[in-house]
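Sequential numbering of the sequence shown, starting at 124, is according to our numbering. Glycine included, every Cβ here is placed at the ideal spot set by N, Cα and C. Given the structure is predicted, the values throughout are model-derived calculations rather than measurements. Reading through the structure tokens given below for one structure.
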Amino acid sequence: MSSSTDSAEHSLEMHLPYIYHICRNSYAQGNPPPLVPILVGSTSATTEKAFGALLAPYLADPTNVFIISSDFCHWGARFEYTYYLPSSTQNPAKGVSLRKRDEPDDPPVNESIARIDKLAIEGIESGQHETFLATLRATGNTVCGRHPIGVIMAAIEALKKDGGLDQQKGFFKFVRYERSSEVYDGSDSSVSYASAFAVL
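Here it is as structure tokens:
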């Protein structure tokens, strides 16, 4: 990894102190389990499936825990993403890009962002890797961790296909959704955050 890539990467370094703190307080003898960081860059659906298949046996091991990091929608001109879904549009691929002076109110921009994120969340909750990817293709949602999410979804699918996981298990349940700010016009910006878990 180049030093510039390492400098820009901000998921693992944000999580490690919290993971260490939880492990230190959970293991009385001070011997926390080893941590194995995996950095997933920009990949293809095929690569996500390949890495999912490689990780599936480790995912099947009940002594392992996988933590996946991702923000959701990065909305605003500074992120080069101002996609907007009018209330009249049922097709998520039929949105428009707002300009800085635009101030739509049907719905307000913040509600459109929530709708775009909800589509991504529903794609993940479907348990179908391709459904999640199709949602991202339709809206262009800037979920920065879409590739590690894709890898873990592909790993769960591989386990189910090989009979290593009950078909009714391994679905993600979202427990919280927030945005950094409420956006009302094309000059605003925000980043969305969501938390979910899956039990195998």
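Counting pairs of beta carbons, one from the segment 305-319 and one from the segment 230-244, are three or more of them closer than 8 angstroms?
-> yes
Hey, is the segment 180-188 in contact with the segment 282-291, meaning 3+ C-beta pairs nearer than 8 angstroms?
-> yes
Which runs of the alpha helix (DSSP H) fall wholly inside the segment 153-239 and span at least 4 residues, in chain order?
-> 168-183
Pick helix, strand or coil for residue 281, following the three-state DSSP scheme.
-> Sequence index remark: in the sequence shown, residue 281 carries index 158 (1-based). Residue 281: helix per DSSP, three-state reduction.
Endpoints, the beta strand (DSSP E) within which residue 301 is located = Reading the sequence shown from its first residue, position 178 is the one you call residue 301. Note, residue 301: beta strand (DSSP E), 296-302.
Between residue 166 and residue 270, what straight-line distance do the alpha-carbon atoms span, to the nearest angstrom?
-> For the purposes of this step, residue 166 is taken as the residue at position 43 of the sequence shown. For the purposes of this step, residue 270 is taken as the residue at position 147 of the sequence shown. The alpha-carbon atoms of residue 166 and residue 270 are separated by roughly 6 angstroms.
If you draw a straight line from the alpha carbon of residue 274 to that of residue 322, how long is it in whole angstroms?
-> One-based indexing of the sequence shown puts residue 274 at position 151. One-based indexing of the sequence shown puts residue 322 at position 199. Near 16 angstroms, if we compare the C-alpha coordinates of residue 322 and residue 274.
7 angstroms CB neighbourhood of residue 265 in its chain, flanking five on each side removed | Sequence index remark: in the sequence shown, residue 265 carries index 142 (1-based). The answer, listed in chain order, is 196, 197, 202, 204.
For residue 256, which option in 172, 232, 160 has the closest C-alpha, if you only look at C-alpha atoms?
-> Here residue 256 is taken as the residue at index 133 of the sequence shown, counted from 1. When each option's Cα is compared against that of residue 256, the closest is 172.
Give the DSSP bridge partners of residue 320, in chain order.
-> On the sequence shown, position 197 is the one that residue 320 refers to. 296.
Consult DSSP for residue 274 and reduce its assignment to one of helix, strand or coil.
-> Counting from 1 along the sequence shown, the entry for residue 274 is found at position 151. Reduced to three states, the DSSP call for residue 274 is helix.
Taking residue 139 as part of the alpha helix (DSSP H), name the residues at either end of that continuous run.
-> By 1-based counting over the sequence shown, the position of residue 139 is 16. Looking at the DSSP string, the run of the alpha helix (DSSP H) that includes residue 139 is 135-149.
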